[in-house]
Every structure is written in C-alpha cells, then in structure tokens.
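Residue numbers (full-length UniProt numbering): 1 to 253.
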Amino acid sequence: MLNFFKHFFVNKAKDVQSGFVKMLVEFDPETASEAEIGELDDALTKLTQQMVSAKTAWEREDREAKEIQKNYDLRLAAAERLQARAEAAPAEEKAQVEASLATLLADLEKMVPEIEREQREAEEAKVYYDELAGAVKTAAERLKTARERLSEAKRRMDVAKVRMERAKEQEDRAKVLAGIKQQAGNLGTAFDAMTQKAREMEADAEVHAQKTQLLTPPKSEDPYITQALMEAAGESAPAQTSLSDRLAALKKK
C-alpha cells in the first residue's frame, strides 16, 4: 500500500488522508460541537473528492489491465495457431512460420511483467479506493449521528427556553396577583381601622351629647313644672297676661 502511495499519489493527498483519519478517530458524535461538526464536514468533502479521484484512477488501471490482458490473450491464441501451422507446414514454409512464432513469443514474454504490473496497480488502486470509501462512509455516518444529536440538543434547548419563559410569565402573573391580594388586604385593614375610628368618634359624640343634656337645664311644656323650675332656680316667673291686655297693648302701637 505504501509503495502505491509513493508511485501514484502526491504527499499532499497522503497528508490530508492522514489528518482526516486522525480527526475521525478523535471525533465523538456524542459530544461534538457545531464547530467540530463543521470541521469534519469540510474534511469529509475533501476526502470525498479524493475518493472520486481514486475511483477514477482504479477504473482506469483496471481498464488498462484488462486491455493488456486481452491483447496478451489474443497474441497467445495467435501463437498457438502459428505453432500448429509450423508443425503442419512444408519444409520451405516451416522456417518462416517458426520465425514469426519466435517473434510473437518474444512479444508475449515482454508482456508478462507488464501484465503483472498493470494487475498489481489495478489491485492497489482498488484497495486504496475501498479504504477511502470506507472512511467516507464511516465519517458520513458519524457526521449524521452528530448532526442528529446536535439538532436534538438544540430542540431540547428551544423547548427548555419556552418552558423557562412560560415559567417566568407565570411567576410574574403570580407576583401581580400577590400584589393585588396584598393591596386588597391593605384596603381591608384600612377599612377596619376607619370603621373602628368611626365607632370611637360616634361613642365620643354620644358621651358629649349626654354631658350636654345633663348640663342643660331641663325644659318642660308644662307651665306648672316650668314655674316650679324657675322658682327653684331663684327666677321670677313671667306675669300672666290676659287676652284683653294683649289686645290693648297692640292697639297702643
């Protein structure tokens, strides 16, 4: 495999593949970040391009190996025919047929190592292509898994964010409701205090009214009671005026 790299691939290609394999080994789809996924995706793109080139090279080597094998088989069949003809040829033709056979056999002998080389190169190209194809497949599967897990993680984060926002809204509503309840409670406390104050003021007013009544001399519509109260207080009762006296007083005016 190393011999094939030396002869058919540049060092840059080997470096890229080596770096990719190292990255692939270290890549963990369970914990890969978006940046790591992007890095592997870029490397996978480059390696896929190499895989396509390797496939083209393998197909070319395979085609050349089959073509030279086809030419070898054709010449071998021709040599067998010349051998049969030489054995059956008359003496004057035998030498010429054998000379042609010798030339064809020499060409076949030269083709043997060439056939082996072409077949070896085709096999090595196939091995290299298979390795790249396997690495690309593995990387693609890991990349897919990583992307799915990253998408799932993002989805869960989005769901958690929505839940957190809803919980915050519920908390805010609860705070507002608690504030309203507290305000209502404060209003109730203030109302109770005002009611108590009103009761106290009403009680004070009743006390003052009673004191005023006690301090005010009693009044009576009964003339005898009125006269008795005035006499008890040292006051003289007003003289009784008759109706005729009252009329006479009015005439004087």
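Beta carbons are placed, not taken as given, at the ideal position from N, Cα and C, and that holds for glycine. Note that the coordinates shown come from a computational prediction; the quantities given were computed from them, not determined experimentally.
Contact between Glu98 and Ala86 is confirmed by a C-beta separation of about 5 Å, below the 8 Å threshold. The closest CA to that of Arg81, considering only Ala95, Pro90, Leu101, Arg63, is found on Leu101. A residue is called buried once 16 or more other Cβ atoms fall within 10 Å of its Cβ, and Leu143 is buried on that count. In this structure, the alpha-carbon of Arg117 lies about 10 Å from that of Glu123. Under the 8 Å Cβ criterion, the segment 51 to 68 counts as touching the segment 124 to 133, having at least three qualifying pairs. Ala139 is a Cβ neighbour of Leu44, given a cutoff of 8 Å. Distance from the CA atom of Pro113 to the CA atom of Glu93, rounded to whole angstroms, is 32 Å.
Between Gly38 and the set Arg147, Leu74, Gln50, Glu152, the nearest pair of CA atoms involves Arg147. If you compare the alpha carbons of Gln49, Leu105, Gln119, Ser151 with that of Arg63, the shortest gap goes to Gln119. In the three-state reduction of the DSSP assignment, Lys252 falls in the coil class.
Arg166 and Arg149 have their C-alpha atoms some 25 Å from each other.
Residue environment for Ala135: buried (at least 16 other C-beta atoms within 10 angstroms of its C-beta).
Inside the segment 79 to 110, DSSP marks no whole beta strand (DSSP E) run of 3 or more residues. Taking a 10 Å sphere around the C-beta of Glu61, we find 16 or more other C-beta atoms and assign the residue as buried. Shown here for Ser151: not one same chain residue has a beta carbon closer than 8 Å to its own, the five before and five after excluded.
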